[in-house]
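Trainee:
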Amino acid sequence: MQPLVAVFLPLLAAYAVALQWCAERWNAPTEYFAHCWLLPFIAAAVVWTRRRDWRQRPREVDARGWLLLGPALALHLTGALLMIDSWSAASLVLAVPGAAWLALGRGRLRGLWPVLWLTALMVPAPIYVEGRLAFELKEVAVGGGSFLANLLGADVVRQGDRLVPTGAEGSLFVADACSGLRSLMAMMTLSYCLAFFTGPARTLRRVALLVAAAPLAVLANVLRISALCLMARWVDVPFAEGTGHTLANAVEWVALLLTLLATDRGLGRRAAPPAGDAQPMAAPKEPSPRSLRGPAATLWLLAPLLVWLSVHRPFGSKDGRAEQLPTEVAGFRLQPRDEAQQRAFEEALPRWQELLGTRDFVWRRYRDDGRRLISLVALYHDTNWKSVHPPRICIEGSNMQILRDDLVEAPWLQPDVRVSRIQAQSRTDPWSYVTLSVFGTRDWLSGDYWDFTLYHLPRALLRANESGFLLRVESPIYGGEEPADAEARCASFLRSLLPSARSLLR
Numbered sequence: 158m159q160p161l162v163a164v165f166l167p168l169l170a171a172y173a174v175a176l177q178w179c180a181e182r183w184n185a186p187t188e189y190f191a192h193c194w195l196l197p198f199i200a201a202a203v204v205w206t207r208r209r210d211w212r213q214r215p216r217e218v219d220a221r222g223w224l225l226l227g228p229a230l231a232l233h234l235t236g237a238l239l240m241i242d243s244w245s246a247a248s249l250v251l252a253v254p255g256a257a258w259l260a261l262g263r264g265r266l267r268g269l270w271p272v273l274w275l276t277a278l279m280v281p282a283p284i285y286v287e288g289r290l291a292f293e294l295k296e297v298a299v300g301g302g303s304f305l306a307n308l309l310g311a312d313v314v315r316q317g318d319r320l321v322p323t324g325a326e327g328s329l330f331v332a333d334a335c336s337g338l339r340s341l342m343a344m345m346t347l348s349y350c351l352a353f354f355t356g357p358a359r360t361l362r363r364v365a366l367l368v369a370a371a372p373l374a375v376l377a378n379v380l381r382i383s384a385l386c387l388m389a390r391w392v393d394v395p396f397a398e399g400t401g402h403t404l405a406n407a408v409e410w411v412a413l414l415l416t417l418l419a420t421d422r423g424l425g426r427r428a429a430p431p432a433g434d435a436q437p438m439a440a441p442k443e444p445s446p447r448s449l450r451g452p453a454a455t456l457w458l459l460a461p462l463l464v465w466l467s468v469h470r471p472f473g474s475k476d477g478r479a480e481q482l483p484t485e486v487a488g489f490r491l492q493p494r495d496e497a498q499q500r501a502f503e504e505a506l507p508r509w510q511e512l513l514g515t516r517d518f519v520w521r522r523y524r525d526d527g528r529r530l531i532s533l534v535a536l537y538h539d540t541n542w543k544s545v546h547p548p549r550i551c552i553e554g555s556n557m558q559i560l561r562d563d564l565v566e567a568p569w570l571q572p573d574v575r576v577s578r579i580q581a582q583s584r585t586d587p588w589s590y591v592t593l594s595v596f597g598t599r600d601w602l603s604g605d606y607w608d609f610t611l612y613h614l615p616r617a618l619l620r621a622n623e624s625g626f627l628l629r630v631e632s633p634i635y636g637g638e639e640p641a642d643a644e645a646r647c648a649s650f651l652r653s654l655l656p657s658a659r660s661l662l663r
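Per the numbering used here, residue 158 is the first one in the sequence shown, and the count goes up by one each step.
#1: Figure out for me which residue from V565, R549 and L611 has the closest Cα to the Cα of A581.
#2: Based on the DSSP output, what are the partners of M557 in its beta bridges?
#3: Determine the burial state of E485: buried for a count of at least 16 other Cβ atoms within 10 Å of its Cβ, exposed for fewer.
#4: Output the distance between the C-alpha atoms of P431 and F354, rounded to the nearest integer angstrom.
#5: CA-CA distance, S589 and C551?
#6: Assuming the contact rule is C-beta atoms closer than 8 angstroms, S532 and R522 should be a hit. Round their C-beta distance to whole Å, please.
#7: Can you tell me whether P507 is buried or exposed? The criterion is at least 16 other CB atoms within 10 Å of its CB, across all chains shown.
#8: According to DSSP, is R529 part of a helix, a strand, or is it coil?
#9: Kindly list the residues whose CB is nearer than 7 angstroms to the CB of G302, restricted to its own chain and excluding five residues on each side of it in sequence; keep chain order.
#10: For S589, which residues does DSSP report across the bridge?
#11: Looking at C-beta atoms only, is the number of pairs between the region 448-457 and the region 606-618 that lie closer than 8 angstroms three or more?
#12: Helix, strand or coil for Y523, going by three-state DSSP, please let me know.
#13: Using the DSSP secondary-structure output, state which residues sit across from D563 in a beta bridge.
#14: Answer with buried or exposed for P254, where buried requires no fewer than 16 other C-beta atoms within 10 angstroms of its C-beta.
#15: Taking a contact to mean a Cβ-Cβ separation below 9 angstroms, would you say L466 touches L230 in this structure?
#16: Can you round the beta-carbon distance between G222 and W258 to whole angstroms, since I take them to be within the 8 angstroms contact cut?
#17: Residues in the same chain with beta-carbon distance under 6 angstroms from P322, minus the five sequence neighbours each way, listed in chain order, please.
#18: Pair every Cβ in the region 241-252 with every Cβ in the region 322-331, then say whether three or more of these pairs are closer than 8 angstroms.
#19: So for A645, helix, strand or coil by DSSP?
#20: Secondary structure at Q316, three-state DSSP: helix, strand or coil?
#21: So what's L308 in DSSP terms, helix, strand or just coil?
#22: Going by C-alpha to C-alpha distance, which of V164, R490 and M557 sits closest to D318?
#23: With C-beta atoms as the reference, is R363 less than 9 angstroms away from A377?
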């Protein structure tokens, strides 16, 4: 039985939804993984150029391939049961080399393992991990770039995600795309391809190229932001955000590529070849011939189950519920955005929808007659419950330092219910805030993220998901107030909002 029919076709069917998820992430607005579209072609080209070598080796069924394929299928099954596509996609990292090992044997795969492990660079990180990495890299880039620029006389002041040149008009906005994650992922991929698909197969060379990729990408992004700050000072902000930004990006990539090639060339000259390179390696003992009938039967039985679990959802997501929340709550009235605020909101909307995993959310501001402010983030979820993350993630992402994060009893909502309470200090101004958050369904409430996970997890396994929501209410601590005053304001707002939020659930 041919490997294509016995192994690869059932696995292609079983992983169709996971592959679709990968393609959607490659096309995401951030473009962090846009370069992944090239990797299948690179892999095919490497296999094609080495075809004379691997075709001369015998093809053997090797049961040791189950050492990789077995755990991969178990992780895929878990992800499909829980409707967590990122877990199913992650299992491809083991499934691809495991399937090739099983169907073709180690002898035929000799020299092709780097092509198979290229899968690890094709699978995007989960959205939560991606967002966290982008935030941390952005902090490094903005902090390091502004520090270096000020050493050179730029005189910029950081205000959140903006860098303001003192005495100049305008400010430089540092978007999430400027975090450096895109260049980091691309540089790591380029370094891997350079190390394993070109040049001599020397361990020192390969390790040095792989280790150098990440520091070079981070340093280059710091230098790029520093250069933009200097352009804003020496020319003006519009030039730095337009032509200067384009030039800086081009220079960054050219410099990275030249540095990587120079590093490779230097290592190629200095590193002596291993003593045994000139001697042909003895052929390893091939496994005993086996039939693919057993693996084929197993995989063709598993494939329909995995396809059904991946495709079947108890009900699709519904949009528009968050927009129906009342515009007046507990004496607070919705404050419409002005034209500039609405434009900025719409520009950021695709990224927020991506991070939150739902389009059914609102971010609103309410004020009372005393001009006190309440900020509301409300989102609804269905089978996409796993995309909801702890409230502190967004708060930290808003450039705030969390001073207190705990759970407090909330009998004013429901007996035996606790809500999440976070007190945070802005890093860019003197304001402090109190946030109360709660997850809920029609008959369940909790502010504990792990309670939320344990509530929805078994229901996902049984395909009995419930629609739910996250309500996050935040208020500043005004002059002369204690944190308890802002907390009471949030509690009153949340208590009044809850019945309306529940009435919109399925």
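Note that CB positions come from ideal geometry on N, CA and C, so glycine has one too.
Mentor: Once the coordinates are examined:
#1: Against the sequence shown, residue 581 aligns to sequence position 424. When only C-alpha atoms are compared, the closest one is R549.
#2: Counting from 1 along the sequence shown, the entry for residue 557 is found at position 400. DSSP lists S583 as partners of M557.
#3: Translated into positions along the sequence shown, residue 485 becomes position 328. So E485 counts as exposed.
#4: Position 274 of the sequence shown holds residue 431. Position 197 of the sequence shown holds residue 354. For P431, the predicted model reports a pLDDT of 46, less than 50, meaning its position is unreliable and no value from the coordinates is stated.
#5: In the sequence shown, residue 589 corresponds to position 432, counting from 1. In the sequence shown, residue 551 corresponds to position 394, counting from 1. Taking the straight line from one Cα to the other gives about 15 angstroms.
#6: Residue 532 sits at position 375 when you count from the first residue of the sequence shown. Residue 522 sits at position 365 when you count from the first residue of the sequence shown. 6 angstroms between Cβ atoms; contact.
#7: Here residue 507 is taken as the residue at index 350 of the sequence shown, counted from 1. With fewer than 16 Cβ atoms within 10 Å of its Cβ, P507 is classed as exposed.
#8: Taking the first residue of the sequence shown as position 1, residue 529 is located at position 372. In the structure shown, R529 sits in coil (DSSP, three-state: anything other than H, G, I, E or B).
#9: Counting from one through the sequence shown, the residue named residue 302 turns up at place 145. Here the set comprises V379, I382, S383 and C386.
#10: Counting from one through the sequence shown, the residue named residue 589 turns up at place 432. The partner list for S589 (beta bridge, DSSP) reads Q582.
#11: no
#12: Sequence index remark: in the sequence shown, residue 523 carries index 366 (1-based). Three-state result, Y523: strand.
#13: For this step, residue 563 is matched to residue 406 along the sequence shown. Answer is R578, bridged to D563.
#14: To locate residue 254, count along the sequence shown from 1; it is residue 97. So P254 ends up on the buried side.
#15: Residue numbering aside, residue 466 sits at position 309 when the sequence shown is read from its first letter. Residue numbering aside, residue 230 sits at position 73 when the sequence shown is read from its first letter. Contact flag unset, no.
#16: Here residue 222 refers to the residue found at position 65 of the sequence shown. Here residue 258 refers to the residue found at position 101 of the sequence shown. Yes, G222 and W258 are in contact; Cβ-Cβ is about 3 angstroms, under 8 angstroms.
#17: Here the question's residue 322 lines up with position 165 in the sequence shown. Answer for P322: V313, A389 and R390, listed in chain order.
#18: no
#19: For the purposes of this step, residue 645 is taken as residue 488 along the sequence shown, with counting starting at 1. It is helical.
#20: Residue numbering aside, residue 316 sits at position 159 when the sequence shown is read from its first letter. It is a strand residue.
#21: Position 151 of the sequence shown holds residue 308. Three-state DSSP puts L308 in a helix.
#22: Here residue 318 refers to the residue found at position 161 when the sequence shown is read from its first residue. For D318, the nearest C-alpha among the options comes from M557.
#23: Walking along the sequence shown from the start, residue 363 turns up at place 206. Walking along the sequence shown from the start, residue 377 turns up at place 220. Cβ atoms of R363 and A377: not closer than 9 angstroms.
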